[in-house]
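J.:
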Amino acid sequence: MNCLRLVFGHNISPKTSSRSSKLSISLPILLLTIAAIVPFLSPSKLQSSSPNFVANAFSIKPHHLRPRHHPSQLTMSATTANAEDKPTHKIRAGFVGCGTIASSIATSLAKPAHQTHLAQNSLALSSIHVTRRSESKSKALKENFPDVVTVCETAEEVVRNSDLVFLCVLPQHVEGVLGELKEKGVWRKGEHTLVSLVSTSKVDDLIQKTSLPPNHVYKMICLPPIANREGCVLLQPPASNSENGLPFLKSMLDALGGCVECPTDDVMNAMMIPGCMMGSMYGVMRNTRDWLVNKGVPPQDASYFVGRSYLSIVQDAERNCNDPHRFDELIAEQTPGGLNEQGLRNLEKQGVFERYDRAMDAILSRLEGKTDGNLDLE
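In this note's numbering, each residue carries its 1-based index in the sequence shown increased by 463.
1. For the alpha helix (DSSP H) holding residue 741, just list the boundary residues, first then last.
2. Pull up the distance between the alpha-carbon of residue 642 and that of residue 755, whole angstroms please.
3. Considering residue 763, what are the terminal residues of the beta strand (DSSP E) in which it resides?
4. How about residue 592 and residue 651: are their beta carbons less than 9 Å apart?
5. Residue 658 to residue 840, Cα distance in whole Å?
6. Would residue 690 pass as a contact of residue 776 if the rule is Cβ separation under 9 Å?
7. Check this for me: beta carbons of residue 660 and residue 684, under 9 Å apart or not?
8. Provide the residue span of the beta strand (DSSP E) that contains residue 699, from first to last.
9. For residue 577, which residues in the same chain have their Cβ closer than 8 Å to its Cβ, ignoring the five residues on either side in sequence?
10. Assuming residue 656 and residue 610 are in contact, meaning their beta carbons sit under 8 Å apart, how far apart are those beta carbons, in whole angstroms?
11. Assign residue 715 to buried or exposed, taking buried as 16 or more other Cβ atoms, counted over all protein chains shown, within 10 Å of its Cβ.
12. Which residues in the same chain as residue 624 place their Cβ atom closer than 6 Å to its Cβ, once the five residues preceding and following it in sequence are excluded?
13. Would you kindly check if the distance between the Cβ of residue 728 and the Cβ of residue 666 is under 9 Å?
14. Report the three-state DSSP secondary structure of residue 555 (helix, strand or coil).
15. Can you give me the C-alpha to C-alpha distance between residue 766 and residue 752, rounded to a whole angstrom?
16. List the residues that DSSP assigns as beta-bridge partners of residue 657.
17. Who are the near neighbours of residue 621 in its chain, counting only those whose CB is closer than 8 Å to its CB and skipping five residues on each side?
18. Would DSSP call residue 579 helix, strand or coil?
19. Could you check which residue in 603, 602, 648 and 664 has the C-alpha nearest to that of residue 632?
20. Which of the three DSSP states, helix, strand or coil, is assigned to residue 788?
21. Report the option in 602, 807 and 596 whose CA atom is closest to the CA atom of residue 887.
22. Taking 9 Å as the threshold (C-beta atoms), are residue 722 and residue 734 in contact?
23. Can you tell me which of the three DSSP states residue 673 falls into?
24. With DSSP as the reference, please indicate the residues paired to residue 590 in a beta bridge.
25. Closest to residue 688 by CA distance: which of 822, 550, 815 and 564 is it?
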């Protein structure tokens, strides 16, 4: 980078170029300069570089290659450096229930491209056992990852062949499934870890229904994009506590995209609500598409433009999102008196964000069993 700055006499960091001035460089000079620099790079640096070398030279990475910025991953370099000194923890994962969420987690664990991220945390996938239902999902997992996935006929078979068990059944089936497993004595205390993906489950109830030690029972919430190492997992209670937790579990979830640990039920419930607003986000995008169509834009163009535009907006917000002031800074960047700033101000005047808060409060009250979650029309 310093060589490039000397040649062009500019600071080419996108932090300054993308929002202030634009750098104008002819392509031939740029390529010649890069060609002159490459011989001076060590082979190790070249091997560790991203395939997109030109993008790396300017610190501009495609979205799927950008490093995650969650605080728990800011120590990734240190973790990687010490990975060789730590014994590798072998993951024998099991899924009781194989719906969309279970399939997404299993896919993320099994993808060959994700094994490097696990290895950086001294983790390695050994096997995945899943119950047959839903059959379409379990069949697809077996076809996509035949070397690691085994489809089982019963929950008992899954648990007996796993150490890390994900419970992914409907709420009304939890008591029956866990009762049967406890009756058959399949849980190995000190060896099995249960992670429930059932949104209504309580950790204390899960401990009682399995007789597993408290530090081996967790509740987890995630969305399907975890299959591509996207999104963020919620985990309760914290697993990174070195005395009572299971640090490997937190490391594994960080390797699969990111994790926030929740100390209490109240915090976990509140953190679940933004994920419940996924449909609302799609509703805003659909409304924007329909508005464009009503203005004469072809439906295909409107849909493509809205999807790509919102993607770029969210990607911008995701950078450095561990900084609690990130979103405020993005709003402050809107030109005073400009169209973006005016659009936000008009929504604020109409009380849109107060109504949005009310919608989230209503969902939280339903989650906590206080109301049915419906709001009366004013």
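Even glycine gets a Cβ: it sits at the ideal position worked out from N, Cα and C.
T.: So, to answer that:
1. 741-757
2. 54 Å
3. It is not in any beta strand (DSSP E) - residue 763 instead sits in the alpha helix (DSSP H) that spans 762-781.
4. no
5. 39 Å
6. no
7. yes
8. 696-699
9. 571, 692, 718 and 719
10. Incorrect: roughly 23 Å between the Cβ atoms, too far for contact.
11. buried
12. 592
13. yes
14. strand
15. 6 Å
16. 628 and 680
17. 557, 558, 559, 592, 593, 594, 615 and 628
18. helix
19. 664
20. coil
21. Residue 887 lies beyond the stretch modelled for the chain, which goes from 464 to 841, so this question has no answer here.
22. no
23. helix
24. 555
25. 564
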